[in-house]
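Scroll down for the structure; my scribbles are underneath it.
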Amino acid sequence: MHLIEARDLSFRYESEWVVRNVTFTLKPGEFLGLLGPNGSGKSSLLKVVNGILRPQQGQISFENRELSSWSRRRLAQRLAMVAQEVQLDFPFTVLELVLMGRYPHLGALEFESDRDLAIARECMERLEIHDLENRLVTRLSGGERQRALVARALCQRPRCLLMDEPTAFLDLRHQLDLFTLTRELTVRHGVGALVISHDINLAAQFCDRLLVMDRGRLAVQGTPEEVIRPEYLESIYGCRLQVDRSPFSGKPRVTPVPKEEVKEYP
Amino acid sequence: MRVTPVRIMTTSLLLLGVLAVVCLLSLTTGPAKLRSGAVLAELFGSPGALDAMERTILMRVRLPRVLLGALVGGTLAVGGVVFQALLRNPLAEPFVLGVMGGSAFGAILGILGGWAFFPGVTGVAFAGGILTIALVIGIAGGRTGIHANTLLLSGVIVNAFFSAAIMFLLSVTRNQEIHNVLRWLMGDLSLSTFRELAILAPLVLIGFTLIFASSRSLNLIVMGEETAMHLGVQVERVKKGLLLLVSLVVSAAVALSGIIGFVGLIIPHVLRILVGSDHRLLLPASLLFGAGFLVFCDTVARVATTQTELPVGVITALAGGPFFMYLLRRKRR
Numbered sequence: 001m002h003l004i005e006a007r008d009l010s011f012r013y014e015s016e017w018v019v020r021n022v023t024f025t026l027k028p029g030e031f032l033g034l035l036g037p038n039g040s041g042k043s044s045l046l047k048v049v050n051g052i053l054r055p056q057q058g059q060i061s062f063e064n065r066e067l068s069s070w071s072r073r074r075l076a077q078r079l080a081m082v083a084q085e086v087q088l089d090f091p092f093t094v095l096e097l098v099l100m101g102r103y104p105h106l107g108a109l110e111f112e113s114d115r116d117l118a119i120a121r122e123c124m125e126r127l128e129i130h131d132l133e134n135r136l137v138t139r140l141s142g143g144e145r146q147r148a149l150v151a152r153a154l155c156q157r158p159r160c161l162l163m164d165e166p167t168a169f170l171d172l173r174h175q176l177d178l179f180t181l182t183r184e185l186t187v188r189h190g191v192g193a194l195v196i197s198h199d200i201n202l203a204a205q206f207c208d209r210l211l212v213m214d215r216g217r218l219a220v221q222g223t224p225e226e227v228i229r230p231e232y233l234e235s236i237y238g239c240r241l242q243v244d245r246s247p248f249s250g251k252p253r254v255t256p257v258p259k260e261e262v263k264e265y266p
Numbered sequence: 001m002r003v004t005p006v007r008i009m010t011t012s013l014l015l016l017g018v019l020a021v022v023c024l025l026s027l028t029t030g031p032a033k034l035r036s037g038a039v040l041a042e043l044f045g046s047p048g049a050l051d052a053m054e055r056t057i058l059m060r061v062r063l064p065r066v067l068l069g070a071l072v073g074g075t076l077a078v079g080g081v082v083f084q085a086l087l088r089n090p091l092a093e094p095f096v097l098g099v100m101g102g103s104a105f106g107a108i109l110g111i112l113g114g115w116a117f118f119p120g121v122t123g124v125a126f127a128g129g130i131l132t133i134a135l136v137i138g139i140a141g142g143r144t145g146i147h148a149n150t151l152l153l154s155g156v157i158v159n160a161f162f163s164a165a166i167m168f169l170l171s172v173t174r175n176q177e178i179h180n181v182l183r184w185l186m187g188d189l190s191l192s193t194f195r196e197l198a199i200l201a202p203l204v205l206i207g208f209t210l211i212f213a214s215s216r217s218l219n220l221i222v223m224g225e226e227t228a229m230h231l232g233v234q235v236e237r238v239k240k241g242l243l244l245l246v247s248l249v250v251s252a253a254v255a256l257s258g259i260i261g262f263v264g265l266i267i268p269h270v271l272r273i274l275v276g277s278d279h280r281l282l283l284p285a286s287l288l289f290g291a292g293f294l295v296f297c298d299t300v301a302r303v304a305t306t307q308t309e310l311p312v313g314v315i316t317a318l319a320g321g322p323f324f325m326y327l328l329r330r331k332r333r
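Protein chains in written order, with this note's numbering: chain X, 1 to 266; chain U, 1 to 333.
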């Protein structure tokens with residue numbers, strides 16, 4: 001079974017296509033990295049995949065059923081999303097925020113049970129924000145906010161996890177922790193993960209496969225070894241790249257190379 | 001502290017107690033002082049504790065007024081909570097989507113036309129409110145659903161248009177009724193009887209129950225509409241339903257009370273500070289606190305000066321304005 005199966009997907013906001021003829025699949029237990037330069041259509045593709053945007057062309061199915069036939073509630077029981085630039089203006093506590101992940105599992109007037117509370121606390125512990133339980137989300141640092149949002153997504157107990165640059169506000173250790181956690185979810189719990197990242201090296205270390213977008217198209221996809229090659233990535237990113245292997249993991253490693261030596265002005 | 005059914009019950013009972021005390025205070029206060037024991041006996045059991053004159057004052061004048069104040073105050077506060085959440089704008093209030101301009105224009109036509117307060121003036125005011133908000137939602141609604149900022153902007157513009165129309169009417173008229181127009185524009189709770197209350201009360205209670213049933217969805221909608229969709233909310237459906245429901249109830253309340261400002265703006269903020277942002281608690285708490293606040297302000301308006309009664313809108317704004325500035329100061333720190 002496929003979690004996500006996208007065939008020949010195209011989407012445009014106005015006249016210009018921002019996602020063009022994209023075809024890919026995501027299986028349970030798979031960890032996909034979605035790479036590409038700014039404006040290449042990664043976020044739009046993710047929004048098409050979670051049903052926020054309707055593609056004008058192509059087919060997309062979730063768990064072998066057409067995506068548009070899923071109700072939002074049913075979908076949210078299985079698919080969680082960590083979006084970019086989430087506004088947190090209303091003074092909820094971190095616990096309240098994380099508990100919102102239980103929403104699709106509860107009836108309209110149902111209250112969170114002890115089990116829901118236990119799930120929320122477990123997710124907060126995994127993201128190391130359990131000490132912030134009663135802190136208002138308006139008073140969190142960027143990294144803490146991000147981890148709270150990931151905890152909320154985990155609290156949905158999804159089978160499929162989509163994340164849009166989840167490491168943007170995180171320091172090195174928390175970046176590593178988040179990718180390790182995602183890896184764990186995919187390997188141990190069979191979750192499928194599709195994660196947008198600008199950190200090619202991190203993605204190369206953790207992801208099973210990488211998808212690289214360029215101007216709306218899926219330019220290359222494959223294992224990190226297949227994808228991370230200067231002949232592909234240099235033209236996509238528009239800069240010179242040095243590719244070698246990480247001495248630690250043996251995975252391909254990218255170093256951007258400046259066009260010329262930076263001149264020292266007298 | 002997390003919201004549980006127990007916490008909702010205890011908070012509601014506490015605020016219900018406060019509301020009851022305020023209502024009793026209001027029923028006994030005025031040019032004719034009534035003893036609270038006698039008022040309670042008259043209302044709940046053995047009539048006869050008051051003389052005929054006092055009974056008339058209680059049953060014909062003060063009780064309908066207190067009940068109307070409670071219903072209108074609660075409605076405005078709940079309307080404010082819902083609109084602030086749907087528009088994700090802390091400055092939103094129940095009149096912002098055109099209800100103010102529309103109802104006021106309707107009411108003024110009715111008053112200048114010399115119609116009876118009920119059903120004439122209230123009828124056109126209600127129709128004015130509902131039609132304007134339908135117009136505003138129509139303008140803002142598009143292919144991709146109702147956009148919060150467009151909605152707000154069209155509401156502001158429609159209100160401004162009707163304000164101009166009202167100014168025009170007021171400047172050309174030589175009508176003796178102009179004093180009544182001003183009273184209506186500043187809010188007046190003295191005009192209704194049990195007949196109108198019998199319509200408003202069930203409307204408010206049914207409306208509130210339906211709004212309360214959406215409280216968990218509202219919790220998610222304030223996080224952003226996309227986030228709410230990610231978490232399983234049918235955002236467009238909830239939003240449309242709530243907009244219509246709140247507009248209906250608010251228009252009905254305003255038709256009987258006139259424009260009473262500040263309640264719908266400030267009470268939601270006060271309650272967010274007191275009980276938090278979870279709408280399952282925020283909504284009932286706002287209903288009860290808003291009710292008590294308006295009854296209290298109306299009592300002050302009745303007795304503040306000996307010569308005349310002040311419009312209640314003057315008191316809510318005088319009490320609310322400085323308080324709101326204090327809140328804004330506090331927020332900035």
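Positions of the beta carbon are idealized from the N, C-alpha and C atoms, including for glycine.
Secondary structure at residue i, three-state DSSP: helix, strand or coil?
i: Arg12 (chain X); result: strand
i: Leu50 (chain U); result: coil
i: Asn219 (chain U); result: helix
i: Phe31 (chain X); result: strand
i: Ile52 (chain X); result: coil
i: Glu66 (chain X); result: strand
i: Cys239 (chain X); result: coil
i: Arg333 (chain U); result: Model confidence at Arg333 (chain U) stands at a pLDDT of 47, short of 50, so the residue's coordinates are unreliable and nothing is read from them.
i: Ala219 (chain X); result: strand
i: Asp188 (chain U); result: coil
i: Phe24 (chain X); result: strand
i: Ser214 (chain U); result: coil
i: Met325 (chain U); result: helix
i: Met81 (chain X); result: strand
By how many angstroms is the C-alpha of residue j removed from the C-alpha of residue i?
i: Gly187 (chain U); j: Arg159 (chain X); result: 55 Å
i: Ala49 (chain U); j: Leu40 (chain U); result: 9 Å
i: Ala85 (chain U); j: Thr223 (chain X); result: 45 Å
i: Met100 (chain X); j: Gln146 (chain X); result: 15 Å
i: Ile228 (chain X); j: Arg74 (chain X); result: 37 Å
i: Leu252 (chain U); j: Phe208 (chain U); result: Looking at the sequence itself, residue 252 (chain U) is Ala, so the reference to Leu does not match. C-alpha separation (whole angstroms): 13 Å.
i: Lys33 (chain U); j: Ile178 (chain U); result: 32 Å
i: Arg72 (chain X); j: Arg78 (chain X); result: 10 Å
i: Ser141 (chain X); j: Cys123 (chain X); result: 19 Å
i: Met255 (chain U); j: Thr299 (chain U); result: Sequence inspection shows Ala at residue 255 (chain U); the Met mentioned does not correspond to that position. The straight-line gap from Cα to Cα measures roughly 21 Å.
i: Ala83 (chain X); j: Ser257 (chain U); result: 44 Å
i: Val220 (chain X); j: Pro91 (chain X); result: 43 Å
i: Leu9 (chain X); j: Ser246 (chain X); result: 35 Å
i: Leu283 (chain U); j: Arg216 (chain U); result: 11 Å
Spatial neighbours of residue i within its chain, please: CB distance less than 8 Å, with the 5 preceding and 5 following residues excluded, ordered by chain position.
i: Ile146 (chain U); result: Ile137, Ala140, Glu236, Lys239, Lys240 and Leu243
i: Asn64 (chain X); result: Met1, His2 and Glu5
i: Leu170 (chain U); result: Ile108, Ile178 and Val181
i: Ala317 (chain U); result: Gly261 and Phe262
i: Trp115 (chain U); result: Val121 and Val124
Whole-angstrom Cβ separation of residue i and residue j, contact assumed at under 8 Å?
i: Val22 (chain X); j: Leu45 (chain X); result: 6 Å
i: Phe24 (chain X); j: Leu218 (chain X); result: 6 Å
i: Val337 (chain U); j: Phe293 (chain U); result: With chain U running from 1 to 333 in the structure shown, residue 337 (chain U) is simply not present.
i: Ile166 (chain U); j: Phe105 (chain U); result: 6 Å
i: Leu91 (chain U); j: Leu189 (chain U); result: About 25 Å; that fails the 8 Å criterion.
i: Thr11 (chain U); j: Ala319 (chain U); result: Actually they are not in contact, since the Cβ atoms of Thr11 (chain U) and Ala319 (chain U) sit about 23 Å apart, beyond 8 Å.
i: Leu87 (chain U); j: Leu152 (chain U); result: 5 Å
i: Val250 (chain U); j: Thr75 (chain U); result: 6 Å
Taking 7 Å as the limit between beta carbons, can you name the residues of its chain near residue i, skipping five residues before and five after?
i: Arg302 (chain U); result: Gly30 and Glu309
i: Val48 (chain X); result: Leu9, Phe11, Val19, Pro55 and Ile60
By Cβ distance, which residues of its chain are closer than 6 Å to residue i, with the 5 residues on each side in sequence left out?
i: Val18 (chain U); result: Gly292
i: Ala76 (chain X); result: Pro104
i: Met229 (chain U); result: Val235
i: Phe118 (chain U); result: Glu196
Contact between the segment 272 to 283 of chain U and the segment 162 to 179 of chain U is defined here as three or more beta-carbon pairs at a separation below 8 Å; is this criterion met?
no
Taking contact to mean at least 3 C-beta pairs separated by less than 8 Å, is the segment 215 to 235 of chain U in contact with the segment 80 to 91 of chain X?
Look at the beta carbons and you see the segment 215 to 235 of chain U touching the segment 80 to 91 of chain X: at least three pairs across the two are nearer than 8 Å.
Would you call the segment 249 to 260 of chain X in contact with the segment 252 to 270 of chain U, where contact means no fewer than 3 C-beta pairs closer than 8 Å?
no
Segment contact flag, the segment 226 to 242 of chain X with the segment 199 to 215 of chain X, C-beta cutoff 8 Å, min 3 pairs
They touch, by the three-pair rule.
So, does the segment 127 to 147 of chain X touch the segment 167 to 178 of chain X, judging by three or more C-beta pairs under 8 Å?
yes
Taking only beta carbons into account, state which residues of the segment 197 to 218 of chain U come closer than 7 Å to chain B, listed in chain order.
In the structure shown, chain B does not exist; the protein chains are X and U.
Three or more C-beta pairs under 8 Å: does that hold for the segment 128 to 136 of chain X against the segment 109 to 119 of chain X?
no
Between the segment 70 to 81 of chain U and the segment 196 to 214 of chain U, can you find at least three pairs of beta-carbon atoms closer than 8 Å?
Short answer: they touch.
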